[in-house]
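Residue numbers (UniProt numbering), protein chains in the order written: chain Y, 1 to 421; chain U, 1 to 421.
Here is the structure we will look at, set down as structure tokens.
Number of protein chains: 2
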Amino acid sequence: MQQSIEQYMQHIGKQARSASQVLAFASTKTKNNALQAIHDALVAHQPQILAANKIDMERGQSNQLDAALLDRLELTHQRFQGMLDGLKDVINLKDPIGEVTDLAYRPSGIQLGKMRVPLGVVGMIYESRPNVTLEAASLALKSGNAIILRGGSEALESNKALAQAIQSALKQTELPYEAVQVIETADRAAVGELITLTDYVDVIIPRGGKGLIQRITNEARIPVIKHLDGNCHVYVEAQADMNKATPIAINAKTHRYGVCNAMETLLVDQAVADQFLPHIATLYEEKGVELRGCEKTQHILGDRVHPATEEDWYTEYLGPILAVKVVDNMNEAIVHINHYGSHHTDAIITENFSLAQEFLARVDSSSVVINASTRFADGFEYGLGAEIGISTDKIHARGPVGLEGLTSQKWIVLGHGEIRQ
Amino acid sequence: MQQSIEQYMQHIGKQARSASQVLAFASTKTKNNALQAIHDALVAHQPQILAANKIDMERGQSNQLDAALLDRLELTHQRFQGMLDGLKDVINLKDPIGEVTDLAYRPSGIQLGKMRVPLGVVGMIYESRPNVTLEAASLALKSGNAIILRGGSEALESNKALAQAIQSALKQTELPYEAVQVIETADRAAVGELITLTDYVDVIIPRGGKGLIQRITNEARIPVIKHLDGNCHVYVEAQADMNKATPIAINAKTHRYGVCNAMETLLVDQAVADQFLPHIATLYEEKGVELRGCEKTQHILGDRVHPATEEDWYTEYLGPILAVKVVDNMNEAIVHINHYGSHHTDAIITENFSLAQEFLARVDSSSVVINASTRFADGFEYGLGAEIGISTDKIHARGPVGLEGLTSQKWIVLGHGEIRQ
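Right, here's the structure in full:
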């Protein structure tokens with residue numbers, strides 16, 4: 001490359017900003033036509049894309065990447081079909097842009113309302129998963145945003161091939177092809193530039209390891225939509241219906257281990273611990289889940305449980321390990337969740353109405369759940385259509401972020417010549 | 001002070017976080033009782049507060065502060081009454097906390113909705129205006145947030161006296177008195193600590209000069225709700241009703257000069273410039289407003305207008321100066337506004353429905369106005385009750401920030417034992 005990384009990123013940023021101004025005013029039909037054109041271009045470019053992915057895979061194998069990373073990197077036939085289906089789904093989503101709400105007269109005579117608008121330019125930093133490239137690009141387009149994509153360097157060839165297919169499709173439409181840009185360098189300095197392009201980028205969405213996200217958040221000069229980890233809890237309260245508590249405790253931990261909405265700590269009220277713990281421990285043992293318990297748990301379960309350390313209460317295992325703590329009452333459970341948790345998703349199992357109300361109000365998490373599994377906390381289950389990330393922040397988007405998380409609202413004033421008195 | 005600034009601010013932060021956990025679950029009645037207690041304590045402490053303000057005023061005078069700053073610093077009888085009235089207004093505002101919206105069943109059987117919750121702890125950095133101390137504290141309490149207040153050092157004695165009254169009142173209520181804390185040191189390092197207390201502060205709201213706000217934004221490690229400036233435009237379109245255009249153009253500029261929603265640049269369509277400009281120029285001359293025009297404006301108005309430089313299009317005069325530009329069409333007006341403006345408040349005067357629609361969609365400002373004065377863009381006129389600031393950002397709050405801007409929404413899931421399939 002002749003130009004410096006800084007010049008290269010400035011150029012990409014400028015192009016994205018310029019494209020975003022066209023996108024912001026594009027009709028739903030224009031955006032859907034563009035998504036359909038991308039769909040068709042993917043079908044046409046499938047051989048080139050799979051060939052590029054093969055290069056990434058071979059390089060990854062010779063670089064001895066671990067099996068899980070290679071698995072995410074691979075564009076199988078099924079994943080390719082998934083990308084095409086995903087595009088169709090996004091076409092069918094309701095366009096959030098231009099929606100006017102709360103339009104009402106003020107005493108001064110003006111009509112005041114809110115109009116939903118795109119954020120502008122989204123910078124997305126993610127792992128080596130080529131299918132995310134399509135997901136993010138399609139959600140950005142549908143919500144009227146331009147997007148700059150920076151996937152893991154291991155997926156560079158795949159992402160370049162995908163970008164070529166997307167841009168060739170956009171060139172056939174009324175939308176500028178710079179609406180979707182892939183950063184075509186493996187140089188890590190590009191990320192540093194991207195997260196400080198204050199004039200050209202409106203929001204950064206990082207995905208990946210906690211360390212990476214923390215570094216990006218610290219260095220970004222642009223708002224970041226992020227979640228660091230999912231240390232989720234289920235609290236089995238004294239008045240829990242055990243026919244609900246048992247399947248939920250099993251589902252929340254064992255339905256999938258490597259996901260951010262899996263339970264990592266089980267809190268059990270002392271009133272039901274003697275009854276509940278031995279039974280649930282047997283079920284976890286059948287699933288191969290290792291238990292790490294507080295002293296009371298150890299007292300009840302004996303050597304069926306390992307001692308938990310202070311560190312365990314903070315840990316997102318993302319695997320078949322579960323921390324277990326017996327608590328005196330709901331207050332102790334809530335204080336524990338708000339202190340050790342990650343404000344992601346936390347559940348109570350109880351039949352007591354007033355305690356359920358209090359739990360809802362006091363637990364400071366992006367999703368608070370009564371009598372259901374924490375596993376429901378995702379974009380598809382919440383009906384957002386698709387998910388570009390999950391936010392554990394309180395500012396802007398919170399919880400699963402779909403199309404609406406990529407938008408903002410501006411005030412609109414419709415007058416009849418009114419002036420301020 | 002024995003302890004370091006860092007220790008002092010950590011202590012304040014911890015107390016605020018702890019208070020916020022009580023506030024988040026406080027009932028509307030408890031919060032209103034606390035606001036009433038503060039009202040009564042202000043009345044009782046009035047002599048001490050006014051005496052403290054006198055110390056600040058005398059120090060300010062001997063330090064030769066400028067007249068405008070001294071004016072804002074002074075707690076006159078009228079301003080004191082205004083603070084009391086403001087408290088009553090906040091008591092009468094609807095409590096935003098706990099509101100549940102969009103609660104509906106999902107196909108899985110769970111009920112999914114959103115619950116409005118406080119942000120937690122607000123850090124407010126502002127000018128030497130003691131009445132803002134009360135405004136900010138009361139809005140924070142009503143919305144269930146703890147607040148840390150850092151007013152200008154010139155108002156330190158006034159703010160300490162106000163804090164004493166507020167905390168003495170809170171001690172009589174069910175709310176922790178640490179819900180409202182004033183930073184009691186003039187050391188500037190305290191601001192640097194406040195904006196990096198990531199564990200204890202959820203949002204920073206800076207007010208004051210553009211330089212200060214920019215510095216805070218750059219150094220903060222916490223989300224900032226801010227507006228930098230209000231470079232607002234009125235565009236008189238070719239099909240404008242002159243009976244609306246004239247009073248709006250006068251009102252937007254001359255109603256008050258030193259406010260962020262005053263017009264700073266007037267854009268006039270060339271189709272009506274010959275007719276409109278000479279007439280409006282006469283009215284501005286009567287008001288003592290200096291005009292700075294583009295070449296076409298100069299051609300029409302001759303020596304009644306000064307030549308505008310490129311810098312003028314970017315300038316928020318906050319005084320009786322107005323930049324004037326003749327544009328070829330609405331597209332040029334929109335491009336000008338989005339390029340030179342500050343995304344605050346911009347208006348079009350037109351009778352053309354389709355152009356009005358396009359202006360609404362394309363102008364990228366926190367308030368977009370049709371046929372009314374830009375001066376309406378504030379919290380009271382928008383019915384927010386009171387205003388803690390105006391945001392020109394797109395993330396989280398946009399436009400005037402009232403109670404709702406100090407809140408967030410979390411997802412709530414009400415189940416009946418559902419597990420994920």
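Ideal Cβ placement from N, Cα and C applies to all residues, glycine included.
Note that the structure is predicted; figures quoted are calculated from it, not measured.
Taking only three categories from DSSP, how would you classify residue i?
i: residue 215(Y); result: helix
i: residue 102(Y); result: strand
i: residue 11(Y); result: helix
i: residue 284(U); result: helix
i: residue 331(Y); result: helix
i: residue 306(Y); result: strand
i: residue 325(U); result: strand
i: residue 291(U); result: strand
i: residue 257(U); result: coil
i: residue 192(U); result: helix
i: residue 336(Y); result: helix
i: residue 371(Y); result: strand
i: residue 347(Y); result: strand
i: residue 67(U); result: helix
i: residue 72(U); result: helix
i: residue 137(Y); result: helix
i: residue 379(Y); result: coil
To the nearest angstrom, report how far apart residue i and residue j are at their CA atoms.
i: residue 78(U); j: residue 324(U); result: 38 Å
i: residue 143(Y); j: residue 109(U); result: 28 Å
i: residue 239(U); j: residue 164(Y); result: 45 Å
i: residue 115(Y); j: residue 369(Y); result: 31 Å
i: residue 107(U); j: residue 418(U); result: 11 Å
i: residue 156(Y); j: residue 186(Y); result: 7 Å
i: residue 60(U); j: residue 154(U); result: 7 Å
i: residue 356(U); j: residue 350(U); result: 7 Å
i: residue 479(Y); j: residue 4(Y); result: Since the first residue of chain Y shown is 1 and the last is 421, residue 479(Y) is not available in this structure.
i: residue 258(Y); j: residue 318(Y); result: 4 Å
i: residue 383(U); j: residue 105(Y); result: 10 Å
i: residue 191(Y); j: residue 100(U); result: 39 Å
i: residue 402(Y); j: residue 18(Y); result: 24 Å
i: residue 170(U); j: residue 27(Y); result: 53 Å
i: residue 1(U); j: residue 181(Y); result: With a pLDDT of only 48 at residue 1(U), under 50, the local geometry of the prediction cannot be trusted, and the value read off the model is given with reservation. Rounded to whole angstroms, residue 1(U) to residue 181(Y) spans 55 Å at the Cα level.
i: residue 309(Y); j: residue 173(Y); result: 58 Å
i: residue 378(U); j: residue 207(U); result: 15 Å
i: residue 126(Y); j: residue 393(Y); result: 18 Å
i: residue 313(Y); j: residue 228(Y); result: 16 Å
i: residue 13(U); j: residue 150(U); result: 13 Å
i: residue 280(Y); j: residue 205(Y); result: 38 Å
i: residue 53(U); j: residue 132(U); result: 14 Å
i: residue 334(Y); j: residue 146(Y); result: 41 Å
i: residue 320(Y); j: residue 389(U); result: 48 Å
i: residue 405(Y); j: residue 243(Y); result: 36 Å
Determine the chain U residues that contact residue i at a beta-carbon separation under 8 Å, and present them in chain order.
i: residue 247(Y); result: 417, 419
Below 8 Å on the Cβ atoms is my contact criterion, and I expect residue i with residue j to pass it. Report the Cβ-Cβ distance as a whole number of Å.
i: residue 158(Y); j: residue 42(Y); result: That pair is no contact at about 12 Å.
i: residue 322(U); j: residue 291(U); result: 6 Å
i: residue 175(U); j: residue 134(U); result: With a Cβ gap of about 16 Å, residue 175(U) and residue 134(U) do not count as contacting.
What does residue i touch in chain Y if you count any residue whose Cβ is under 8 Å from its own?
i: residue 367(U); result: 410, 411, 412, 413
i: residue 255(U); result: 419, 420
i: residue 123(U); result: The premise fails here: residue 123(U) is roughly 13 Å from chain Y at the closest Cβ pair, so nothing lies under 8 Å.
Using a C-beta to C-beta distance shorter than 7 Å, which residues of chain U count as neighbours of residue i?
i: residue 269(Y); result: Going along chain U, no residue has its Cβ under 7 Å from residue 269(Y), so there is no contact; the nearest lies around 18 Å.
i: residue 169(Y); result: Simply none; closest approach about 25 Å.
i: residue 203(Y); result: 395
What does residue i touch in chain Y if you count any residue whose Cβ is under 7 Å from its own?
i: residue 373(U); result: 418, 419, 420
i: residue 112(U); result: 382
Which chain Y residues sit within Cβ distance under 9 Å of residue i?
i: residue 14(U); result: Those within 9 Å of residue 14(U) in chain Y number zero; the least Cβ separation is about 13 Å.
i: residue 108(U); result: 372, 376, 381
Going along chain U, which residues have a C-beta under 9 Å from residue i?
i: residue 80(Y); result: Residues of chain U passing the Cβ test: none, with the nearest at roughly 25 Å.
i: residue 361(Y); result: 24, 25, 97, 98, 115, 117
Taking 7 Å as the cut-off, is the beta-carbon of residue i closer than that to any non-hydrogen atom of the ligand HEM?
i: residue 341(U); result: For the structure depicted, the ligand HEM is absent and the ligand set is empty, with no information on it obtainable.
Name the residues in the segment 327-341 of chain Y whose C-beta lies less than 8 Å from a C-beta of chain U; which are they?
338
Could you name the residues of the segment 9-41 of chain Y whose beta carbon sits closer than 8 Å to any beta carbon of chain U, in the order they occur along the chain?
21, 24, 25
Scan the segment 219-235 of chain U for residues whose Cβ lies nearer than 8 Å to a Cβ of chain Y and list them as they occur along the chain.
221, 223
Interfacial residues, the segment 288-313 of chain U to chain Y, with Cβ spacing under 8 Å:
none
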